[in-house]
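Read the structure below first, then the notes.
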Amino acid sequence: MLQDILKKNELSQIYYLYRITMKQKPVHTKGINPNFAILHAARKKEQLSIPDLALSIISGNHTALSQGITLVESTSPKHQQQAQKLIELCLPKANNSVRIGITGVPGVGKSTFIEAIGTYLTEQHKKVAVLAVDPTSSLSYGSILGDKTRMDSLSQNPNAFIRPSASGGSLGGVARKTREAIILCEAAGFDILIIETVGVGQSETIVHSMVDFFLLLKLAGAGDELQGIKRGIIEMADAIVINKADGGNEKAAKLAKTAFAKALHLYPPKESDWNPKVTTCSAIEQKGIEEIWSLIEEYILLTKTNNYFNQKRVAQNKHWLLQTIENSLKDSFYNNPTVISQLPSILNAISNNEISPFEGARTLLDLNT
Ligand code: GDP
Numbered sequence: 138m139l140q141d142i143l144k145k146n147e148l149s150q151i152y153y154l155y156r157i158t159m160k161q162k163p164v165h166t167k168g169i170n171p172n173f174a175i176l177h178a179a180r181k182k183e184q185l186s187i188p189d190l191a192l193s194i195i196s197g198n199h200t201a202l203s204q205g206i207t208l209v210e211s212t213s214p215k216h217q218q219q220a221q222k223l224i225e226l227c228l229p230k231a232n233n234s235v236r237i238g239i240t241g242v243p244g245v246g247k248s249t250f251i252e253a254i255g256t257y258l259t260e261q262h263k264k265v266a267v268l269a270v271d272p273t274s275s276l277s278y279g280s281i282l283g284d285k286t287r288m289d290s291l292s293q294n295p296n297a298f299i300r301p302s303a304s305g306g307s308l309g310g311v312a313r314k315t316r317e318a319i320i321l322c323e324a325a326g327f328d329i330l331i332i333e334t335v336g337v338g339q340s341e342t343i344v345h346s347m348v349d350f351f352l353l354l355k356l357a358g359a360g361d362e363l364q365g366i367k368r369g370i371i372e373m374a375d376a377i378v379i380n381k382a383d384g385g386n387e388k389a390a391k392l393a394k395t396a397f398a399k400a401l402h403l404y405p406p407k408e409s410d411w412n413p414k415v416t417t418c419s420a421i422e423q424k425g426i427e428e429i430w431s432l433i434e435e436y437i438l439l440t441k442t443n444n445y446f447n448q449k450r451v452a453q454n455k456h457w458l459l460q461t462i463e464n465s466l467k468d469s470f471y472n473n474p475t476v477i478s479q480l481p482s483i484l485n486a487i488s489n490n491e492i493s494p495f496e497g498a499r500t501l502l503d504l505n506t
């Protein structure tokens with residue numbers, strides 16, 4: 138069965154290219170089951186070589202994928218180097234997916250909704266990976282996806298892969314790790330990527346910059362549907378879904394739907410030519426899920442036809458290139474030992490009005506060149 142999934146020639150090419158780039162003698166891999174290597178290494182508690190790990194990920198092995206993501210999330214410089222090589226090897230197999238961002242306040246039903254739509258999609262023979270961008274996870278470990286029992290049945294589904302948010306570091310750091318995890322998941326053959334965020338700080342904007350379709354989950358309120366929503370989020374949403382439309386709450390959900398639909402008319406047309414949709418669902422009763430997937434498919438068809446889908450991905454890649462440069466410049470600056478040793482005295486000089494902040498910044502920046 139593995140042979141059916143694998144395009145062995147491509148895998149071998151990647152492997153050979155890697156060995157040659159690393160100035161290592163290529164080992165003939167024809168006929169080798171890449172999963173054998175990972176099982177063998179796991180049994181012996183050895184670390185798999187990066188090309189073997191890449192092969193195993195590309196063959197769809199979930200354990201290898203988890204290991205790859207752990208490597209991407211590691212802060213050790215050695216692991217970071219290995220992670221970059223792994224990503225390079227996986228990149229030719231990535232991109233063939235639909236990336237969906239989901240946001241909403243805590244309690245709105247994100248994980249119940251993801252479980253419902255994820256299960257529906259696996260029934261349609263899709264492979265679904267769920268990742269998260271949670272800026273709070275460094276404070277309270279794994280606060281949105283850490284508790285896997287929230288997606289109990291999906292987490293046990295062989296066609297689904299659920300990974301909690303990377304923890305630690307800045308939001309930018311968490312976002313970069315998620316971006317890289319997306320590449321690995323796509324290389325592992327997941328066609329649907331769901332990126333969940335709880336919407337703290339800038340996390341929605343960051344998730345929006347890495348997905349094709351952005352879905353906002355809402356609850357019906359007593360006439361206050363439009364209050365307390367950041368304008369930017371409505372503007373980013375390709376669909377607003379009013380959840381918990383069940384158990385006597387259907388009428389309020391319908392009213393909220395009408396209110397949002399009216400409000401959306403006030404926003405300028407989207408570059409994608411897509412008219413954002415408002416709909417209702419009950420994640421817990423799995424009602425309205427199929428309709429939501431249909432509208433996502435409608436969006437994909439429209440944007441692939443008018444080429445917006447591709448343009449957006451290219452624009453996102455450019456954005457991420459610049460973000461990566463910015464982050465690594467910042468990292469190298471703040472990790473420079475001279476900067477670390479001089480920063481307190483410069484801060485002190487500023488507190489005593491001995492130098493201006495601009496002069497202080499210039500002095501520190503000069504130390505880093
Ligand atoms: P999250 O914090 O946004 O991930 O929300 P959860 O998925 O954990 O859901 C929060 C609570 O709302 C849980 O008690 C769920 O059972 C409940 N819930 C989620 N979706 C629905 C729904 O469609 N209808 C109803 N009645 N309750 C729901």
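Per the numbering used here, residue 138 is the first one in the sequence shown, and the count goes up by one each step. The C-beta atom is built at its ideal place from N, Cα and C for all residues, glycine as well. It should be emphasised that the depicted structure is a prediction, and the values quoted were computed from it without experimental measurement.
Inset, instruction - Compute the Euclidean distance between the alpha carbons of residue 460 and residue 408, then round it to the nearest angstrom. - result: Position 323 of the sequence shown holds residue 460. Position 271 of the sequence shown holds residue 408. Cα-Cα distance, rounded: 23 Å.
Inset, instruction - Can you give me the Cβ contacts of residue 453 inside the same chain, cut-off strictly under 8 Å, excluding the 5 residues immediately before and after it? - result: Position 316 of the sequence shown holds residue 453. The residues are 346, 347.
Legend entry - Bounding residues of the alpha helix (DSSP H) (the contiguous stretch that carries residue 432): Along the sequence shown, one-based indexing puts residue 432 at 295. That run of the alpha helix (DSSP H) goes 426–442.
Legend entry - Beta-bridge partners of residue 480, as assigned by DSSP: Position 343 of the sequence shown, counting from 1, holds the residue named residue 480. None; residue 480 has no bridge partner.
Legend entry - Reduced DSSP category for residue 335 - H, G, I as helix; E, B as strand; rest coil: To locate residue 335, count along the sequence shown from 1; it is residue 198. Correct three-state label for residue 335: coil.
Legend entry - Residue span of the alpha helix (DSSP H) that contains residue 407, given as start and end: Within the sequence shown, residue 407 is the residue found at index 270, counting from 1. Element bounds for residue 407: n/a, residue is neither H nor E.
Legend entry - Three-state secondary structure (DSSP) of residue 343: Your numbering for residue 343 matches position 206 in the sequence shown. Three-state result, residue 343: helix.
Inset, instruction - Would you give the residue range spanned by the beta strand (DSSP E) that residue 351 belongs to? - result: Position 214 of the sequence shown holds residue 351. Here the beta strand (DSSP E) through residue 351 covers 350–356.
Legend entry - With 16 other Cβ atoms within 10 Å as the buried cut-off, status of residue 507: Within the shown structure, residues of the chain are numbered from 138 to 506, placing residue 507 beyond reach of any answer.
Inset, instruction - Please indicate yes or no: does the CB of residue 421 lie closer than 8 Å to some heavy atom of the ligand HEM? - result: No copy of the ligand HEM occurs in the structure displayed; its ligands are the ligand GDP alone.
Legend entry - Host beta strand (DSSP E) of residue 268 (start-end): Position 131 of the sequence shown, counted from the start, is the residue given in the question as residue 268. Unbroken beta strand (DSSP E) run through residue 268: 265–270.
Legend entry - For residue 469 and residue 214, the rounded distance between their alpha carbons: Position 77 of the sequence shown, counted from the start, is the residue given in the question as residue 214. Position 332 of the sequence shown, counted from the start, is the residue given in the question as residue 469. Their backbone Cα atoms lie some 12 Å apart in a straight line.
Legend entry - Extent of the continuous beta strand (DSSP E) to which residue 414 belongs: Mapped onto the sequence shown, residue 414 falls at position 277. Taken as a continuous stretch (DSSP letters only), the beta strand (DSSP E) holding residue 414 covers 414–417.
Legend entry - Alpha-carbon spacing of residue 326 relative to residue 422, whole angstroms: Walking along the sequence shown from the start, residue 326 turns up at place 189. Walking along the sequence shown from the start, residue 422 turns up at place 285. For residue 326 and residue 422, the distance between alpha carbons rounds to 29 Å.
Legend entry - Stretch pair the region 246–254 + the region 213–228: three plus CB contacts closer than 8 Å: no
Legend entry - Own chain residues within Cβ distance below 6 Å of residue 379, not counting five before or after: Counted from its first residue, the sequence shown places residue 379 at position 242. Closer than 6 Å at Cβ, skipping near neighbours: 355, 357, 390, 393, 394, 417.
Legend entry - Own chain residues within Cβ distance below 8 Å of residue 512, not counting five before or after: Residue numbering for the chain in the displayed model covers 138 to 506; residue 512 lies beyond these limits and cannot be assessed.
Legend entry - residue 442 classed as buried or exposed, judged by whether at least 16 other C-beta atoms fall within 10 angstroms: Numbered from its first residue, the sequence shown carries residue 442 at position 305. By the 10 Å Cβ count, residue 442 comes out exposed.
Legend entry - CA-to-CA distance, residue 268 to residue 339, given in whole angstroms: Taking the first residue of the sequence shown as 1, we reach residue 339 at position 202. Taking the first residue of the sequence shown as 1, we reach residue 268 at position 131. Approximately 17 Å, taken between the alpha carbons.
Legend entry - Exposure label - residue 397; buried when at least 16 CB within 10 Å: Within the sequence shown, numbered from 1, the residue matching residue 397 stands at position 260. Per the 10 Å Cβ criterion, buried.
Inset, instruction - Kindly examine the ligand GDP and report whether one of its heavy atoms sits closer than 8 Å to the Cβ of residue 270. - result: Position 133 of the sequence shown, counted from the start, is the residue given in the question as residue 270. Flag unset: Cβ of residue 270 not near the ligand GDP.
Legend entry - Endpoints, alpha helix (DSSP H) assigned at residue 447: Within the sequence shown, the letter at position 310 stands for residue 447. Element bounds for residue 447: 445–471.
Legend entry - Residues sharing a beta bridge with residue 236, DSSP: Counting from 1 along the sequence shown, the entry for residue 236 is found at position 99. According to DSSP, residue 236 bridges with 330.
Inset, instruction - Tell me the start and end of each unbroken alpha helix (DSSP H) in the region 178–235 that is at least 4 residues and wholly inside, in chain order. - result: 187–195, 199–210, 214–227
Inset, instruction - Taking all protein chains shown into account, decide if residue 475 is buried (16 or more other Cβ within 10 angstroms of its Cβ) or exposed. - result: Taking the sequence shown and counting its residues from 1, one reaches residue 475 at position 338. Exposed: under 16 other Cβ atoms inside 10 Å.
Inset, instruction - Could you please give the first and the last residue of the uninterrupted alpha helix (DSSP H) stretch that includes residue 319? - result: As a first step, residue 319 must be located in the sequence shown, where it is residue number 182. From DSSP, the alpha helix (DSSP H) with residue 319 extends over 308–324.
Inset, instruction - Indicate whether residue 337 and residue 241 have their beta-carbon atoms separated by less than 9 Å. - result: Residue numbering aside, residue 337 sits at position 200 when the sequence shown is read from its first letter. Residue numbering aside, residue 241 sits at position 104 when the sequence shown is read from its first letter. No; because the gap between Cβ atoms is not below 9 Å, this pair is not in contact.
Inset, instruction - Return helix, strand or coil for residue 301, following the three-state DSSP convention. - result: Looking up residue 301 in the sequence shown gives position 164. Residue 301: coil per DSSP, three-state reduction.
Legend entry - Span of the alpha helix (DSSP H), counted from its first residue to its last, around residue 253: Numbered from 1 along the sequence shown, position 116 holds the residue referred to as residue 253. It spans 247–260 - the alpha helix (DSSP H) in which residue 253 sits, taken as one unbroken run.
Inset, instruction - Please indicate yes or no: does the CB of residue 383 lie closer than 8 Å to some heavy atom of the ligand GDP? - result: Position 246 of the sequence shown holds residue 383. Yes, the ligand GDP has a heavy atom inside 8 Å of this Cβ.
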